[in-house]
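Peer 1: Order-wise, the sequence lines are chains A and B.
The first sequence: position 31 = 31 (full-length UniProt numbering), numbered continuously.
The second sequence: position 85 = 85 (full-length UniProt numbering), numbered continuously.
A single structure is presented below for examination.
2 protein chains.
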Amino acid sequence: MDEQIRALADAHRRRILELVRDRELAAGEIAAYFEVTRPAISQHLTVLKQAGLVDERRAGTRRLYRTRPDGLLGLKEFVDRLWSTGLSRLKDAAEAEATDPEKD
Amino acid sequence: MDEQIRALADAHRRRILELVRDRELAAGEIAAYFEVTRPAISQHLTVLKQAGLVDERRAGTRRLYRTRPDGLLGLKEFVDRLWSTGLSRLKDAAEAEATDPEKD
DNA sequence: CTCAAGCGTTAGCGAATGCTTACGTAAGAG
DNA sequence: CTCTTACGTAAGCATTCGCTAACGCTTGAG
Numbered sequence: 001m002d003e004q005i006r007a008l009a010d011a012h013r014r015r016i017l018e019l020v021r022d023r024e025l026a027a028g029e030i031a032a033y034f035e036v037t038r039p040a041i042s043q044h045l046t047v048l049k050q051a052g053l054v055d056e057r058r059a060g061t062r063r064l065y066r067t068r069p070d071g072l073l074g075l076k077e078f079v080d081r082l083w084s085t086g087l088s089r090l091k092d093a094a095e096a097e098a099t100d101p102e103k104d
Numbered sequence: 001m002d003e004q005i006r007a008l009a010d011a012h013r014r015r016i017l018e019l020v021r022d023r024e025l026a027a028g029e030i031a032a033y034f035e036v037t038r039p040a041i042s043q044h045l046t047v048l049k050q051a052g053l054v055d056e057r058r059a060g061t062r063r064l065y066r067t068r069p070d071g072l073l074g075l076k077e078f079v080d081r082l083w084s085t086g087l088s089r090l091k092d093a094a095e096a097e098a099t100d101p102e103k104d
């Protein structure tokens with residue numbers, strides 16, 4: 001999971017994941033959305049692929065990328081595990097409020 | 001959200017969040033769980049606090065920390081947004097299966 | 001085979017990150 | 001007030017990161 005979350009730690013890479021969330025895009029097309037050079041995006045794509053967050057498919061001389069949500073499973077579980085604590089606290093608060101209905 | 005996810009990009013900090021997930025611990029107590037020096041943990045706690053991922057409470061000379069799940073809201077939304085794509089793909093697969101019940 | 005398109009890869013650089021050691025600070029004990 | 005406890009903070013260093021510029025590779029067109 002370390003690899004995935006560190007891949008997400010960069011804003012460019014997060015934006016790439018949203019760009020190819022529900023459609024395939026070629027590396028050059030992705031790069032066109034950013035103001036950094038194409039090799040920089042290529043490196044980001046390598047990191048994302050290595051982390052299992054995107055799929056790569058070759059079509060002729062182009063390489064098409066697409067988000068692979070399964071790669072986020074570990075991180076999602078981690079976040080949900082911490083988040084559930086917050087939910088139980090809200091539940092406690094709600095129960096306390098039910099006991100003392102006047103409180104706000 | 002950038003600050004929060006970058007705070008999570010370090011394994012020590014993730015473990016700290018789990019340690020103080022549902023109980024308060026003093027800085028020194030937290031540090032005892034790790035093999036790095038206490039100042040290193042103190043710096044990690046500063047990062048977590050800055051990102052809004054932990055609450056700090058002073059009690060005498062001690063400082064008690066506790067995970068603050070609300071800080072994860074932005075990241076949770078981001079992950080869920082990408083994750084939902086995976087779910088809709090599973091849904092498509094399920095519907096295709098419903099159309100062709102023989103398939104498994 | 002030759003050429004161009006579309007990408008990845010490498011080298012090198014400045015900035016950021018995480019660590020340790022040494023020092024500074026606030027609160028309670030005596 | 002003095003000393004100790006429990007911390008945070010600053011300085012310095014090695015490592016990692018993200019970027020650009022230059023180069024290399026593979027595919028399809030002719």
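We put the beta carbon where it would ideally sit given N, CA and C, even for glycine.
Quick caveat: nothing in here was measured; it's all calculated off a predicted structure.
1) My guess is that residue 44(A) and residue 68(A) are in contact by the Cβ rule of under 8 Å, so how many angstroms apart are they, rounded?
2) Beta-carbon within less than 7 Å of residue 41(B)'s beta-carbon, same chain only, minus the 5 sequence neighbours each way: which residues are those?
3) Return the first residue and the last residue of the beta strand (DSSP E) that residue 67(A) is part of.
4) I'd like to check one pair, residue 82(A) with residue 23(B): are the Cβ atoms closer than 8 Å?
5) Taking all protein chains shown into account, do 16 or more other C-beta atoms lie within 10 angstroms of the C-beta of residue 79(B), making it buried, or fewer, making it exposed?
6) Would you list the residues sitting across from residue 58(A) in a DSSP beta bridge?
7) From residue 70(A) to residue 57(B), what distance separates their C-alpha atoms?
8) Once you ignore the five residues that flank residue 3(A) on each side, which residues in its own chain have a CB closer than 6 Å to its CB?
9) Using beta-carbon positions only, say whether residue 5(A) and residue 53(A) come within less than 8 Å of one another.
10) Tell me the residue span of the alpha helix (DSSP H) that contains residue 18(A).
11) Considering Cα atoms alone, identify which of 72(A), 84(A), 65(A), 39(A) is closest to residue 25(A).
12) Would you mind telling me which residues of chain A sit closer than 7 Å to residue 76(B), beta carbon to beta carbon, in chain order?
13) Spatial neighbours of residue 59(A) within its chain, please: CB distance less than 6 Å, with the 5 preceding and 5 following residues excluded, ordered by chain position.
14) Report the three-state DSSP secondary structure of residue 32(A) (helix, strand or coil).
Peer 2: Reading it off the structure:
1) Cβ-Cβ separation between residue 44(A) and residue 68(A): approximately 15 Å, too far for a contact (criterion under 8 Å).
2) Exclusion of the five residues before and after residue 41(B) leaves 27, 30, 31, 34 as the residues of its chain whose Cβ lies within less than 7 Å of its Cβ.
3) Unbroken beta strand (DSSP E) run through residue 67(A): 62 to 67.
4) No Cβ-Cβ contact shorter than 8 Å links residue 23(B) with residue 82(A).
5) Around the beta-carbon of residue 79(B), 16 or more other beta-carbon atoms lie within 10 Å, marking it buried.
6) Checking the DSSP bridge columns, you'll see residue 58(A) partnered with 63(A).
7) Approximately 38 Å, taken between the alpha carbons.
8) Taken in chain order, the residues that qualify are 51.
9) No; because the gap between Cβ atoms is not below 8 Å, this pair is not in contact.
10) Here the alpha helix (DSSP H) through residue 18(A) covers 11 to 19.
11) Distances from the CA of residue 25(A) to each of 72(A), 84(A), 65(A), 39(A) were compared; the closest alpha carbon is that of 65(A).
12) What residue 76(B) touches in chain A: 79, 83.
13) Scanning its chain for C-beta atoms nearer than 6 Å, with the 5 sequence neighbours on each side dropped, one finds no residue around residue 59(A).
14) Correct three-state label for residue 32(A): coil.
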